[in-house]
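Peer 1:
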Amino acid sequence: MIRYLIKNNFKIMFRNPVNILLYVLCPILISAILISAFSTLMESYEAPGAFEVGYSVEADSPYAGIMEAMDSVGKENGIAFNRYNTGTPEDLIESHRLGGFIVFTKEGYTIYESRKRQVEGAKLEYMISAVYNGMISGDVSDIQIPTESPEVAPAINSTDYYGMVYMVYFGWCAIVCAAGLFSQEKKHQILDRFRVSNLSPVQIYFGRAIPIITVVSIGIGSASVISAFVLGVHWGNIILSGMVILLSVIAATAFEMMIYEITQSMIATIILSFGIVWWLGYLGGAFETYMFSSWPESVKLISPLYHANRALVELSGTGHSDYILSSVIFLGAITVISSLIAIFVGSLRRKERA
0 MIRYLIKNNF KIMFRNPVNI LLYVLCPILI SAILISAFST LMESYEAPGA
50 FEVGYSVEAD SPYAGIMEAM DSVGKENGIA FNRYNTGTPE DLIESHRLGG
100 FIVFTKEGYT IYESRKRQVE GAKLEYMISA VYNGMISGDV SDIQIPTESP
150 EVAPAINSTD YYGMVYMVYF GWCAIVCAAG LFSQEKKHQI LDRFRVSNLS
200 PVQIYFGRAI PIITVVSIGI GSASVISAFV LGVHWGNIIL SGMVILLSVI
250 AATAFEMMIY EITQSMIATI ILSFGIVWWL GYLGGAFETY MFSSWPESVK
300 LISPLYHANR ALVELSGTGH SDYILSSVIF LGAITVISSL IAIFVGSLRR
350 KERA
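According to numbering that gives the first Met the number 0, the stretch in the sequence shown is residues 0 to 353, in order.
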């Protein structure tokens, strides 16, 4: 009997393919828009390469004699020095796109830096200081600017970030896909017929849940594959990423079916579900990336979307994530608790109508 119920629910859901297409097109469209809008914000930092610095020297400046040594050290460290006899430092930096400008006078020297190229300015300051100290000690033969490359997690770009988190977010809107199913149940009193049959509340629950989870997963899965080929989203470990998204869809379906079982109203369910999912998405990084969010970590951990999003992002960047386990536990707990409540409420309603 339950197989007939599942089969019948699949037929009802596929009669309205628009809801299913929403789960394919909407995540891709929203992701594409946000990828384009925030591509600059999430660009990875690139260390500056060789750059040019301008300078001017007063005729009687004691620093005129170090220019040859400074030019030699500069070439070894990717800094080219060019002399300018006219123009203000600020104008010359802007017009010639200089990494900085040095004015040598009788009393000393002044370094002008560009606000747009602060790293180059810091590199210039260090080099000039090193040359000056080398001249005092009498050794400028091997002045190098030290650099270090500490081990850090690879930076994630907007393509990978938004291309993944919106698959999770739309998966948490699973109830939309079930709107046609619940509408038909009420219109034709299908559920009342099953309640007087031998079907238990557990069978009725899974007769609804399995088609919803399957259809939403197919939609989100198709969108994920298309995003990889069209948008260039890098999913990292495909098996683990797919597992996280599937668990998200299952948890979302169970949670929203619980709300529907309690309210018995599709409108109320959508309003409550969307309100809750919006806040969970806000805390979890669906709108403001969790890396830039000002929310404390303890608050973010409340959101199951945060666990899923972080697991996917870290799988994409490093191939592993400590948040996979927390995602499984969190999403599994939501699924079990929501399912038990929905089945319990369904049993009470059945007794009331008996």
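Glycine residues also receive a C-beta, built at the ideal position from the N, C-alpha and C atoms.
Since the model is a prediction, treat every value here as computed from it, not as a measurement.
Let me check understanding here. Comparing Cα to Cα, which of L239, I19, K10 and F80 lies closest to G170?
Peer 2: As a first step, residue 170 is located in the sequence shown; it is residue number 171 there, counting from the start. For G170, the nearest C-alpha among the options comes from I19.
Peer 1: Taking the alpha-carbon of E275 as reference, which of S297, S264, T288 and L304 has the nearest alpha-carbon?
Peer 2: Sequence index remark: in the sequence shown, residue 275 carries index 276 (1-based). Note that residue 275 is Ile in the sequence shown here, rather than Glu. Nearest in C-alpha terms to I275, of all of S297, S264, T288 and L304, is L304.
Peer 1: Could you give the residue range of the alpha helix (DSSP H) that holds S35?
Peer 2: In the sequence shown, the residue the question calls residue 35 occupies position 36. Taken as a continuous stretch (DSSP letters only), the alpha helix (DSSP H) holding S35 covers P16 to A36.
Peer 1: Using 8 angstroms for Cβ pairs, my map puts I5 next to G206. What's the rounded Cβ distance?
Peer 2: Position 6 of the sequence shown holds residue 5. Position 207 of the sequence shown holds residue 206. I5 to G206, Cβ: 5 angstroms. Contact.
Peer 1: Under the three-state reduction of DSSP, which class applies to G331: helix, strand or coil?
Peer 2: The residue given as residue 331 occupies position 332 in the sequence shown. Correct three-state label for G331: helix.
Peer 1: Classify G162: buried if its beta carbon has 16 or more other beta carbons within 10 angstroms, exposed otherwise.
Peer 2: For the purposes of this step, residue 162 is taken as the residue at position 163 of the sequence shown. Looking at its Cβ environment, which holds 16 or more other Cβ atoms inside 10 Å, G162 is buried.
Peer 1: Can you tell me whether H319 is buried or exposed, with buried defined as 16 or more other CB within 10 angstroms of its CB?
Peer 2: As a position in the sequence shown, residue 319 is number 320, starting the count at 1. It counts as exposed.
Peer 1: Y354 bridges to which residues according to DSSP?
Peer 2: In the structure displayed, the chain extends from 0 to 353; residue 354 sits before or after that span and is not available.
Peer 1: According to DSSP, simplified to helix, strand and coil, what is M66?
Peer 2: Position 67 of the sequence shown, counted from the start, is the residue given in the question as residue 66. In this structure, M66 counts as helix in the three-state DSSP scheme.
Peer 1: Report, in whole angstroms, the separation of the C-beta atoms of I92 and I101, which I expect to be a contact under 8 angstroms.
Peer 2: Walking along the sequence shown from the start, residue 92 turns up at place 93. Walking along the sequence shown from the start, residue 101 turns up at place 102. Between I101 and I92 the Cβ distance is about 11 angstroms, and since that is not below 8 angstroms, they are no contact.
Peer 1: How many angstroms separate the CA atom of I78 from the CA atom of G120?
Peer 2: Residue 78 sits at position 79 when you count from the first residue of the sequence shown. Residue 120 sits at position 121 when you count from the first residue of the sequence shown. Between I78 and G120, the C-alpha separation is close to 11 angstroms.
Peer 1: Taking the CB atoms as reference points, tell me whether L157 and I34 lie closer together than 7 angstroms.
Peer 2: For this step, residue 157 is matched to residue 158 along the sequence shown. For this step, residue 34 is matched to residue 35 along the sequence shown. Reading off the sequence, residue 157 comes out as Ser, not Leu. The answer is yes: Cβ separation under 7 angstroms.
Peer 1: Tell me which residues share the same chain as T262 and place their Cβ nearer than 6 angstroms to its Cβ, disregarding the 5 neighbours each side in the sequence.
Peer 2: As a position in the sequence shown, residue 262 is number 263, starting the count at 1. Residues T268 of the same chain have their beta carbon placed closer than 6 angstroms to that of T262, with the five preceding and five following residues left out of the count.
Peer 1: What are the start and end residues of the alpha helix (DSSP H) that includes T296?
Peer 2: Residue 296 sits at position 297 when you count from the first residue of the sequence shown. In the sequence as displayed, the identity of residue 296 is Glu instead of Thr. E296 to K299 is the extent of the alpha helix (DSSP H) around E296.
Peer 1: Apply the 10 Å Cβ neighbour rule to P295 and answer buried if 16 or more other Cβ atoms are within range, or exposed otherwise.
Peer 2: Taking the sequence shown and counting its residues from 1, one reaches residue 295 at position 296. Flag for P295 reads exposed.
Peer 1: Which value, in whole angstroms, describes the spacing of the CA atoms of I174 and Y125?
Peer 2: Counting from 1 along the sequence shown, the entry for residue 174 is found at position 175. Counting from 1 along the sequence shown, the entry for residue 125 is found at position 126. About 60 angstroms.
Peer 1: When we look at the beta-carbon of S148 and count the other beta-carbons within 10 Å, is it buried (16 or more) or exposed?
Peer 2: As a working note, residue 148 is residue 149 in the sequence shown. Any answer about S148 is weak, because its pLDDT of 49 lies below 50 and its placement is not dependable; what the coordinates show is given next. By the neighbour-count rule (16 or more Cβ atoms within 10 Å), S148 is not buried but exposed.
Peer 1: On the CB-based measure, 16 or more other CB atoms within 10 Å of its CB, does R309 come out buried or exposed?
Peer 2: By one-based count along the sequence shown, residue 309 stands at place 310. Classification for R309: buried.
Peer 1: Whole angstroms are fine: how far does the CA of S55 sit from the CA of D159?
Peer 2: Within the sequence shown, residue 159 is the residue found at index 160, counting from 1. Within the sequence shown, residue 55 is the residue found at index 56, counting from 1. Cα-Cα distance, rounded: 47 angstroms.
Peer 1: Thinking just about the alpha-carbon of each residue, which of A208, V243 and F286 is nearest to the one in Y259?
Peer 2: Taking the sequence shown and counting its residues from 1, the one referred to as residue 259 is at position 260. Comparing alpha carbon positions, the residue from A208, V243 and F286 closest to Y259 is A208.
Peer 1: Any chance the region 247–255 sits against the region 329–340, with 3 or more Cβ pairs inside 8 angstroms?
Peer 2: The region 247–255 vs the region 329–340: in contact.
Peer 1: Any idea what DSSP makes of T213, helix, strand or coil?
Peer 2: On the sequence shown, position 214 is the one that residue 213 refers to. Helix, per DSSP.
Peer 1: Taking its Cβ as the centre, do 16 or more other Cβ atoms sit within 10 Å of I342, making it buried, or is it exposed?
Peer 2: Position 343 of the sequence shown holds residue 342. When all chains shown are included, I342 counts as buried.
Peer 1: Let's see if you can read the secondary structure: which residues bound the beta strand (DSSP E) around F103?
Peer 2: Position 104 of the sequence shown, counted from the start, is the residue given in the question as residue 103. Where F103 is concerned, the enclosing beta strand (DSSP E) stretches over F100 to F103.
Peer 1: CA-CA distance, S337 and Q202?
Peer 2: Numbered from 1 along the sequence shown, position 338 holds the residue referred to as residue 337. Numbered from 1 along the sequence shown, position 203 holds the residue referred to as residue 202. S337 and Q202: Cα-Cα distance of roughly 15 angstroms.
Peer 1: Starting from the C-beta of S247, find all residues in its chain whose C-beta is less than 7 angstroms away, skip the five residues before and the five after it, and write them out in chain order.
Peer 2: Taking the first residue of the sequence shown as 1, we reach residue 247 at position 248. Excluding sequence neighbours, S247 sits near V167, G170, W171, A307 and L330.
Peer 1: For V23 and S221, which I take to be in contact (beta-carbon distance under 8 angstroms), what is that distance rounded to the nearest angstrom?
Peer 2: Within the sequence shown, numbered from 1, the residue matching residue 23 stands at position 24. Within the sequence shown, numbered from 1, the residue matching residue 221 stands at position 222. The Cβ separation is near 5 angstroms, so the contact holds.
Peer 1: Which of the three DSSP states, helix, strand or coil, is assigned to I11?
Peer 2: Start at 1 with the first residue of the sequence shown, and residue 11 comes out as number 12. The answer is helix: DSSP assigns I11 an H, G or I state.
Peer 1: For V151, collect the residues of the same chain with a Cβ closer than 6 angstroms to its Cβ; drop the 5 residues on either side in sequence, then sort them by chain order.
Peer 2: What you label residue 151 is simply residue 152 of the sequence shown in a count that begins at 1. For V151, the predicted model reports a pLDDT of 49, less than 50, meaning its position is unreliable and no value from the coordinates is stated.
Peer 1: From which residue to which residue does the beta strand (DSSP E) around F181 run?
Peer 2: As a working note, residue 181 is residue 182 in the sequence shown. First-last for F181: A178 to K186, but that is the alpha helix (DSSP H), not the beta strand (DSSP E).
Peer 1: Using three-state DSSP, classify I78 as helix, strand or coil.
Peer 2: As a working mapping, residue 78 is identified with position 79 in the sequence shown. In this structure, I78 counts as strand in the three-state DSSP scheme.
Peer 1: So, L339 versus N236, is the Cβ gap smaller than 7 angstroms?
Peer 2: Within the sequence shown, residue 339 is the residue found at index 340, counting from 1. Within the sequence shown, residue 236 is the residue found at index 237, counting from 1. For L339 and N236, no; Cβs fall outside 7 angstroms.
Peer 1: Please classify T288 as buried or exposed, where buried requires at least 16 neighbouring CB atoms within 10 angstroms.
Peer 2: Counting from one through the sequence shown, the residue named residue 288 turns up at place 289. The residue in question, T288, is buried, as its Cβ has 16 or more Cβ neighbours within 10 Å.
Peer 1: Quick one: what does DSSP say V312 is sitting in, helix, strand or coil?
Peer 2: The residue given as residue 312 occupies position 313 in the sequence shown. Helix.
Peer 1: Assign G86 to one of three DSSP states: helix, strand, or coil.
Peer 2: Position 87 of the sequence shown holds residue 86. G86 falls in the coil class under three-state DSSP.
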